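What follows is a single structure, written as structure tokens, with notes after it.
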Amino acid sequence: MDLNGLDRHLLKFFGYPQKGWIDIGSTTLSKGDLLYRLTHAKAAMTEVTLIPGETREIFFRELARELSLDRGKLDAAYEKYAPFPDGVIFPDTYYIPIGIGEEHLVYYLVGRSLARHEDLAKKFFGIYNPKKWFRYVTIASIIQKEAADEEEMPIVSAVIYNRLKKGMPLQMDGALNYGRYSHVKVTKRRIRTDETRFNTYKYGGLPPYPVGSVSLAAIKAAIKPARKDYLYFVKGRDGKHIFTKSYRSHLRAIKSVNK
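Per this note's numbering, the very first residue in the sequence shown carries number 11; after that it's consecutive.
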């Protein structure tokens, strides 16, 4: 839309355009009506939050329930706009206009998140290579699931890289907390029966794509692991992990935890 001098004066008379979503309310408007609505028709908003580590499947289940949306349409829109089945949408609180449609919502969430991925990649590496970048995001997603806190993240990252370098399977439960299994405890039976590439007990290397959303701290840890030669860790009684360099030391750590 072209604005002339009169239009600019009219816009100043109405007020300043509002930040955020504007409820235009019609597909056909006169220029005057459009200028008025840009300054007065702020949409009623609600907020939705994606927490670090949560899977897209669980997030969409909650979106459908809280916003009365069609889950199938959310999934279809995600497949249309997102390059990977999970790990694309950044954990954050998003302010959404009430009544937004499924495709518009997913387009907004994915588009905003991909722009942030690109900005971060350029900040860390100077370029954005989606394949390379989302390999780091995949590592970060396992770190997010496994680490007890942000302080542990670079150490867990070191274990991942050390095991990959030695050709050892990662054998990390967090990789099996993908999709609908986000909050499901990993059992011995699950390890025996899960045939997907997320089963890092059965298969070497990384999962095919991220297992959930990742925080900036987890991404930083994936890019810059601690300089440690640990290969194992087990959760201690205080909730934090005991890291060890050898299997024998790992067994001793397990024994001390189970006493």
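By construction, the Cβ of each residue, glycine as well, lies at the ideal position given by its N, Cα and C atoms.
Keep in mind the model is a prediction, meaning the values are calculated, not measured.
C-alpha of Phe70 to C-alpha of Ala228: approximately 22 angstroms in a straight line.
Glu72 sits in a helix when the DSSP states are folded into three classes.
In this structure, DSSP gives Leu60 an extended state, which the three-state scheme calls strand. Secondary structure note for Val244: its beta strand (DSSP E) is the uninterrupted segment 242-245. In the structure shown, Asp102 adopts extended strand secondary structure according to DSSP, grouped into three states. Rounded to the nearest whole angstrom, the CA to CA distance from Thr65 to His193 is 9 angstroms.
Distance from the CA of Ile99 to the CA of Ser123, rounded to the nearest whole angstrom, comes to 5 angstroms. Phe253 has Phe243 as its beta-bridge partners, per DSSP. Assignment of beta-bridge partners to Pro107 by DSSP yields Met55. Here Arg126 has Phe100 as same chain residues with Cβ atoms under 6 angstroms from its own Cβ, once five neighbours each way along the sequence are excluded.
When only Cα atoms are considered, Lys142 and Leu174 end up about 16 angstroms apart. Between the beta-carbon of Val267 and that of Gly246 there is about 6 angstroms, and that keeps the pair under the 8 angstroms contact cut. Annotated as distal: Glu156 and Val147, with beta-carbon spacing of 8 angstroms or more.
Listed in chain order, the non-local C-beta contacts of Asp85 below 8 angstroms within the same chain comprise Phe70, local neighbours out to five positions each way being set aside.
The continuous alpha helix (DSSP H) containing Arg173 extends over residues 163-176. By the CB criterion at 8 angstroms, Met163 and Ile153 fall inside the cutoff. Looking at Val221, Arg199, Thr197, Tyr211, the one whose alpha-carbon comes closest to that of Arg190 is Val221.
Where Ile137 is concerned, there is no enclosing alpha helix (DSSP H), because DSSP gives it neither an H nor an E.
Going by DSSP, Leu216 is part of no alpha helix (DSSP H) at all; its letter is neither H nor E.
With fewer than 16 other beta carbons inside 10 angstroms of its own, Thr206 counts as exposed.
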